[in-house]
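Plus 1 on top of the position in the sequence shown (first one is 1) and you've got our numbering.
C-beta: ideal position from N, C-alpha, C; glycine also.
All of these numbers come straight from a predicted model, not from anything done at the bench.
Shown next, in structure tokens, is the structure this report addresses.
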Amino acid sequence: MLMMVFSYADDACICYVGDDWESTFTLASNDLQTIYNWYTSMTLQLNLDKSNYMTFSITSTGQPPEQLTLTIPLSDNQTTTLQKLTSTRYLGIILDQHLKWSPHIQTLQTKLRHLMHIFSNLRRVCSKNILRMVYHALVQSLLQYCICSWGGAYTNAINPLKRGQNIILRIILHKDRLFHTKTLYSLLDVFPLTDIYMYKMTLYSIKYDHLWPRQITTYNTRRSRQDLVQIRRVNKSLAQRHFYYLGLKLYNIIPQNIKMWKERPLLLKLKTQEFIKQSDLTIEKLLPMT
């Protein structure tokens, strides 16, 4: 059984990984009782109305039986049953019980549609440079937030978001729908969604490279590299689109003259931007060949 705690400010999330649902629910219920008792002893209050839980599985058949619920025994010999959710927002990211990113991406699409109207008005009074700054503030900041988590989603889920980004650039640059998409990004000097994903993933894979399992080489060759990491074997296509797989694959193709700037964040970002512009990386190039 594995238990992990994630917290930020006054939000906390407890994750359990177990072999079966019954033992996992039992452990979670016992831990919640311990947490509730600790809060009570410290004269603090646990907001049970805002506390809920979600069970993760790739398919609906992997979900626990309906009779399994998560309850917290209270001090007055009563119990409270927490609400079960199929999706929830945590720190700005929408998590789905089937580990799909469609709900989160659809939320981003809605926000992009709202921004289209804003840029239609702004382009009448703002210069291209100002529009580019506003684009970075409103659009790119929206797209790159936690993109290492959801950016590896399947193509059919990501494509509507790419189209929305294309439309906003056409609005800013006064171009019709037949104008070449690649030229749009070149004119405004911004990254398309795939490049944003690769850029952020490159930075994070270098930042946390001390966590990657290193390749063990027992012999020396002229082509051996000491900076390579060991690629974990994963069979599920869903897991192959996770940062902890794609990040490893990407790390092994990042040139050493970029990794060397790890302790110089500004230079690392500049070098990474140049690398992304020149490399034409895609998710498909990182996935195993079928």
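**Prompt:** Considering only residues of the same chain and omitting the five flanking positions on each side of Ile296, which have a CB-CB separation below 8 Å?
**Reply:** An answer regarding residue 296 cannot be provided, because it is not within the stretch 2 to 291 covered by the chain.
**Request:** Kindly examine the ligand GDP and report whether one of its heavy atoms sits closer than 7 Å to the Cβ of Thr27.
**Result:** Judged by which ligands are present, the structure shown has none, so any question about the ligand GDP falls away.
**Request:** Counting only runs of 4+ residues fully inside the region 151–225, write out the alpha helix (DSSP H) ranges in chain order.
**Result:** 156–174, 182–189, 194–208
**Request:** Assign Trp213 to one of two classes, buried (16 or more other C-beta atoms within 10 Å of its C-beta) or exposed (fewer than that).
**Result:** Taking the sequence shown and counting its residues from 1, one reaches residue 213 at position 212. Trp213 comes out buried.
**Request:** Please determine if the region 151–163 and the region 116–132 are in contact, where contact requires at least 3 C-beta pairs separated by less than 8 Å.
**Result:** no
**Prompt:** Helix, strand or coil: how does DSSP classify Cys147 here?
**Reply:** In the sequence shown, counting from the first residue as 1, residue 147 sits at position 146. Note: Cys147 maps to coil in three-state DSSP.
**Request:** State the DSSP-derived secondary structure class of Asp32, mapped to helix, strand or coil.
**Result:** Locating residue 32 in the sequence shown gives position 31, where the first residue counts as 1. Asp32 falls in the helix class under three-state DSSP.
**Prompt:** What is the DSSP secondary structure of Leu100, reduced to helix, strand or coil?
**Reply:** Against the sequence shown, residue 100 aligns to sequence position 99. The answer is coil: DSSP assigns Leu100 none of H, G, I, E or B.
**Message:** Measuring alpha carbon to alpha carbon, tell me which residue in Asp20, Lys260, Leu49, Trp262 is nearest Leu33.
**Reply:** Locating residue 33 in the sequence shown gives position 32, counting from the first residue. The shortest Cα separation from Leu33 among Asp20, Lys260, Leu49, Trp262 belongs to Leu49.
**Message:** Along the chain, where does the beta strand (DSSP E) containing Ile73 start, and where does it finish?
**Reply:** Within the sequence shown, residue 73 is the residue found at index 72, counting from 1. Note, Ile73: beta strand (DSSP E), 72–74.
**Asked** Can you round the beta-carbon distance between Leu47 and Ile36 to whole angstroms, since I take them to be within the 8 Å contact cut?
**Response** Walking along the sequence shown from the start, residue 47 turns up at place 46. Walking along the sequence shown from the start, residue 36 turns up at place 35. So it is a contact: roughly 7 Å between Cβ atoms.
**Prompt:** Between the C-alpha atoms of Trp102 and Gln145, what's the straight-line distance to the nearest angstrom?
**Reply:** Along the sequence shown, one-based indexing puts residue 102 at 101. Along the sequence shown, one-based indexing puts residue 145 at 144. When rounded, the distance between both Cα atoms is 14 Å.
**Nearest residue (CA-CA) to Ile119, options Asn130, Leu109, Thr108, Val140** = Residue 119 sits at position 118 when you count from the first residue of the sequence shown. The shortest C-alpha separation from Ile119 is found at Val140.
**Message:** Below 8 Å on the Cβ atoms is my contact criterion, and I expect Thr81 with Thr72 to pass it. Report the Cβ-Cβ distance as a whole number of Å.
**Reply:** Mapped onto the sequence shown, residue 81 falls at position 80. Mapped onto the sequence shown, residue 72 falls at position 71. Indeed they touch by this definition, with Cβ atoms about 7 Å apart.
**Message:** I need the straight-line Cα distance from Val235 to His175, nearest angstrom please.
**Reply:** Within the sequence shown, the letter at position 234 stands for residue 235. Within the sequence shown, the letter at position 174 stands for residue 175. About 45 Å.
**Message:** Between which two residues does the alpha helix (DSSP H) holding Arg133 run?
**Reply:** In the sequence shown, the residue the question calls residue 133 occupies position 132. Its alpha helix (DSSP H) spans residues 129–136.
**C-alpha gap between Ser206 and Gly152, whole angstroms** = Here residue 206 corresponds to residue number 205 of the sequence shown, with the count starting at 1. Here residue 152 corresponds to residue number 151 of the sequence shown, with the count starting at 1. Cα to Cα, the separation comes out at about 14 Å.
**Request:** Starting from the C-beta of Leu113, find all residues in its chain whose C-beta is less than 6 Å away, skip the five residues before and the five after it, and write them out in chain order.
**Result:** Within the sequence shown, residue 113 is the residue found at index 112, counting from 1. The residues are Gly165.
**Prompt:** Cβ atoms of Leu189 and Arg133: under 8 Å apart, would you say?
**Reply:** As a position in the sequence shown, residue 133 is number 132, starting the count at 1. As a position in the sequence shown, residue 189 is number 188, starting the count at 1. Yes, they are a contact pair.
**Prompt:** Below 8 Å between beta carbons: does that hold for Tyr9 and Leu92?
**Reply:** To locate residue 9, count along the sequence shown from 1; it is residue 8. To locate residue 92, count along the sequence shown from 1; it is residue 91. Yes, the pair counts as a contact, with Cβ atoms nearer than the cut-off.
**Request:** Rounded to whole angstroms, what's the CA-CA distance from Lys237 to Ile254? Just pull it up for me.
**Result:** Within the sequence shown, the letter at position 236 stands for residue 237. Within the sequence shown, the letter at position 253 stands for residue 254. Rounded to the nearest angstrom, the two C-alpha atoms are 23 Å apart.
**Rounded C-alpha distance that separates Thr182 from Thr62** = Mapped onto the sequence shown, residue 182 falls at position 181. Mapped onto the sequence shown, residue 62 falls at position 61. Thr182 and Thr62: Cα-Cα distance of roughly 42 Å.
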